[in-house]
Each structure stands twice: as structure tokens, then as C-alpha cells.
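Encoded as C-alpha cells, the structure appears first; notes follow it.
Numbering (the UniProt record's numbering), first residue to last: 1 to 470.
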């Protein structure tokens with residue numbers, strides 16, 4: 001009696017889900033989902049593994065001539081229907097559905113309804129003969145195709161593509177800034193979630209025109225105004241925040257890539273401009289040339305080995321540590337100012353100081369502890385200490401950072417005394433120092449003594465130049 005009640009409940013539940021699923025797919029263009037129902041779609045990646053495993057097991061038993069337990073079919077069909085319905089909820093967040101998503105949805109629904117039909121016929125206790133094995137084999141093929149389409153939606157259509165040759169990845173000698181630098185960067189980090197098949201936030205990033213068009217959250221890119229561009233805002237939100245892009249768990253942009261993107265937007269976001277069109281001392285020139293030099297992994301090969309467990313132990317909710325590249329021992333560190341700041345978390349970084357090549361302490365109340373850490377990071381290449389209380393005294397402590405190539409000190413109280421330190425850093429190529437106490441005369445001397453140094457003084461297009469740049 002209990003078994004009959006259980007199966008009767010399962011029957012009614014699956015019948016209701018089947019009708020609801022068909023209704024949703026047929027009339028999806030007329031359906032608007034409440035936010036709570038849309039949230040249920042986020043469980044789709046969790047649920048989908050159950051029906052795949054259970055159905056493959058059932059198919060294996062059927063193809064080998066064994067009886068398939070009715071309870072197994074019931075659970076497989078129910079989980080398949082729940083997965084298909086949650087998949088519809090998730091896919092409905094994308095208003096413009098590409099063909100890949102449409103195929104994935106309909107094939108997934110087909111698998112779920114077929115599983116429901118198989119369960120309903122199981123009462124007949126038909127032993128699978130050769131003729132009945134053909135539909136089972138076809139169902140297996142459809143499951144594989146559906147899962148593959150889902151994988152491409154999640155990871156990109158070229159996720160399983162063979163690696164391109166090194167020659168194909170080379171940057172031309174005089175690259176187009178957008179086509180050869182920006183577009184490949186966006187393709188690697190952004191297009192996977194913003195393409196015709198998976199248009200998150202109603203935003204397409206497959207072309208400059210689509211990026212300029214924007215999405216439901218406003219202007220993705222505002223030429224000449226990176227601070228008003230949604231894509232730049234989201235890059236600088238803490239990684240743990242759900243609004244950070246790319247999302248946590250996805251490959252992040254490096255500090256250099258962020259700088260390139262910001263400078264390109266600041267210069268007007270042109271898709272026609274070449275590297276040779278840029279005029280010194282534009283910082284974007286040095287950033288692109290550094291990228292053109294190729295993989296820097298070789299210069300980090302001798303770094304001390306750092307285990308993943310060490311990186312995880314050092315990280316906190318407000319301190320992010322990431323490898324610069326896969327299998328690299330070079331580390332990027334980002335500190336986000338917490339409500340209550342405790343400098344002791346930085347003391348712990350001393351054990352990996354020789355591995356830190358990028359350090360962002362923007363907005364942090366820098367004192368002796370922070371400067372002691374910076375001094376010991378002898379391999380530091382990128383340092384961001386903008387909008388902090390540093391003065392000329394602290395800047396003098398940077399003199400031994402011989403590999404430093406990018407330095408942000410804008411929004412600080414530094415003055416003319418720091419110029420000597422900037423001049424002494426042999427690899428320094430990009431310097432950001434607007435809203436400081438550096439005088440125009442000192443800046444003119446810096447231009448004169450370090451013509452290779454690209455300085456961003458934060459002037460608007462209508463401002464008078466602080467010095468005459470040679």
C-alpha cells in the first residue's frame with residue numbers, strides 16, 4: 001500500500017512537471033518569471049548531474065538485457081524533469097536566446113519527457129529486445145549531445161577546441177589596438193558569457209558595436225570616460241561580490257590588462273587606432289609593448305615554489321592572492337579595505353614576499369607594516385598605493401625595487417622629493433601621479449631625465465599641459 005501511494009505521488013508530480021515544462025517552452029515568449037523563481041534556475045548546474053548518471057545507468061542495464069528497476073526509472077525521470085524546468089528558469093534570464101541555448105533547452109526537455117515515457121511504460125514489464133534497444137541507444141546519444149551543448153554554453157563554444165599554434169597568437173609589429181589587443185582579451189575573459197548563445201545581462205561583447213550598445217545595466221563602455229563605463233566599474237568590485245566581472249572562478253584580467261582596457265577607453269575606444277598612432281608619453285604604448293614581448297614566465301622560473309594550500313591560508317575575505325598564470329609561482333595580491341582594518345594579515349605575506357610581482361594596496365592606511373612588506377617584495381613589478389597616506393618618506397623606501405615597471409601614487413601627499421626615487425627605478429615605464437604635491441617644475445625635470453617614462457598626470461583634454469613634453 002505504501003509503495004502504491006509513493007508511486008501514485010510520483011506519477012502525479014511527474015505528470016504536472018511534464019505539462020508545466022511543455023507549457024513553458026511553448027509559451028516562453030509570453031512568460032515573465034518572478035525573481036525568486038528565476039533564482040531557482042541557479043540550481044540547474046547542481047541538479048543536472050543526477051539524471052545524467054541515473055539515465056546512463058538505466059540505459060546500460062537496458063542495453064545489456066537486464067531489468068531496469070522501476071524506482072531507478074522513477075528517480076531518473078523526476079530528476080530529469082526538475083533539471084529541465086530549472087534549466088528553463090535559468091535560460092529565461094537571457095532575453096535573446098542563441099541557437100545553442102534553444103537546442104540545449106529542447107533536447108533537454110526531450111530527454112526528460114522520454115525518461116517520463118520510459119517510466120510510464122515500465123509497468124508493462126517489457127523485456128528489452130533488440131528492437132527496443134535502438135531507442136535506448138538513441139537516447140544515450142541525445143543525452144551526450146545535450147550535455148555537450150550545455151558545456152559549450154558554460155565554457156564557450158571553443159572549450160574543447162585544439163590549442164592554437166604560437167604563431168597564430170603572435171601580435172603584429174604595429175597592431176590595431178582593438179583588433180589585436182582588446183578584442184582577444186575580451187574573447188578570452190568576457191565573450192564566454194556575452195555571446196549570441198549566452199547573452200547575460202542582455203549584453204553582447206562579440207563586436208565593438210555591440211559593446212557600445214550596452215546591456216540592461218546601462219552603458220558598458222563610454223568612450224573617453226572609463227570611470228563611467230560599467231565594464232570598468234565591475235572589474236574593480238571585490239572578487240567575492242556577485243557583481244564582479246568576470247565572476248569568481250573564471251579567469252580574471254591581469255592588472256596590465258585592466259590598465260590597457262582603461263587607457264583604451266580613456267583615449268576614445270577607437271577600433272581604427274594603431275600602436276603607431278599613439279603619441280608619447282601615452283602609458284598605453286608601454287603596456288602594449290610589454291604584452292608584445294611575449295610570455296614572461298621565464299623570468300619567474302626561479303621563484304620559490306608556493307603551494308596552493310599556502311595561498312589559500314593567506315587569503316581572507318579582503319585579501320586576494322592569485323597566481324599570475326597557471327603553474328606559475330608569481331603571485332598577484334589585492335587588498336580591499338575592510339570595515340575594520342588589521343595590518344596583521346599583511347605581516348603573514350612576508351613568507352611569500354619574493355613571489356609577489358603585483359601588489360594593490362589602493363585606499364589602505366599604509367604605515368610601517370605595509371612599507372616593510374613592500375620593501376621586501378624585491379621582485380615587485382606593479383605597485384598600486386594610490387589614495388593612501390604615503391609621503392616622500394615612504395616613497396624613498398621603493399628605491400630597491402629594481403623590477404618595478406608600473407607605479408600608481410595618485411591621490412597621495414607626495415611632493416618633489418619623490419622625483420629622485422622615480423628617476424632611479426630603471427624598469428619603471430608607467431607612473432600615475434595626479435592629485436599630488438609634485439610641482440610642474442619637478443615634473444618637467446622628470447620628463448627631461450626620463451624620456452622613456454610615461455607619466456599620467458590626470459589632465460583633461462581642455463586643461464593646460466603642466467609642462468611642455470619633449
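Note that beta-carbon positions come from the ideal geometry of N, C-alpha and C, so glycine has one too.
In or out: residue i buried (at least 16 other Cβ within 10 Å) or exposed?
| i | result |
| --- | --- |
| residue 422 | buried |
| residue 279 | exposed |
| residue 106 | exposed |
| residue 449 | exposed |
| residue 88 | buried |
| residue 227 | exposed |
| residue 299 | exposed |
| residue 203 | buried |
| residue 340 | exposed |
| residue 119 | buried |
| residue 39 | exposed |
| residue 302 | exposed |
| residue 172 | exposed |
| residue 17 | buried |
Which whole-angstrom value describes the C-beta separation of residue i and residue j, a residue pair presumed to lie in contact below a C-beta threshold of 8 Å?
| i | j | result |
| --- | --- | --- |
| residue 85 | residue 20 | 7 Å |
| residue 277 | residue 178 | Not quite, the Cβ-Cβ distance comes to about 12 Å (not below 8 Å), so this is no contact. |
| residue 416 | residue 434 | Not a contact, Cβ separation roughly 15 Å. |
| residue 386 | residue 352 | Residue 386 to residue 352, Cβ: 23 Å. No contact. |
| residue 485 | residue 63 | A query on residue 485 cannot be resolved here, the shown segment of the chain reaching from 1 to 470 and no further. |
| residue 100 | residue 152 | 6 Å |
What is the rounded straight-line gap between the Cα of residue i and the Cα of residue j?
| i | j | result |
| --- | --- | --- |
| residue 191 | residue 200 | 10 Å |
| residue 412 | residue 395 | 11 Å |
| residue 358 | residue 404 | 9 Å |
| residue 110 | residue 42 | 21 Å |
| residue 362 | residue 91 | 38 Å |
| residue 398 | residue 424 | 10 Å |
| residue 239 | residue 275 | 31 Å |
| residue 74 | residue 229 | 51 Å |
| residue 326 | residue 154 | 20 Å |
| residue 211 | residue 338 | 33 Å |
| residue 453 | residue 364 | 26 Å |
| residue 378 | residue 330 | 12 Å |
| residue 82 | residue 47 | 8 Å |
| residue 451 | residue 307 | 41 Å |
What three-state label does DSSP hand residue i in the structure shown?
| i | result |
| --- | --- |
| residue 350 | helix |
| residue 388 | coil |
| residue 454 | strand |
| residue 416 | helix |
| residue 195 | strand |
| residue 189 | helix |
| residue 8 | helix |
| residue 358 | strand |
| residue 430 | strand |
| residue 167 | No answer about residue 167 holds up, because its pLDDT of 34 lies below 50 and its placement is not dependable. |
| residue 331 | strand |
| residue 344 | helix |
Segment contact, 8 Å Cβ cut-off, at least three pairs: the region 363 to 370 with the region 244 to 252:
Segments in contact, no.
Would you call the region 215 to 226 in contact with the region 305 to 315, where contact means no fewer than 3 C-beta pairs closer than 8 Å?
They do not touch, by the three-pair rule.
Does the structure place the region 106 to 119 close enough to the region 30 to 42 that three or more beta carbon pairs sit under 8 Å?
No, the region 30 to 42 is not in contact with the region 106 to 119.
Contact between the region 316 to 326 and the region 338 to 345 (3+ Cβ pairs under 8 Å):
As far as the Cβ criterion goes, the region 316 to 326 touches the region 338 to 345, which means the pair count is three or higher.
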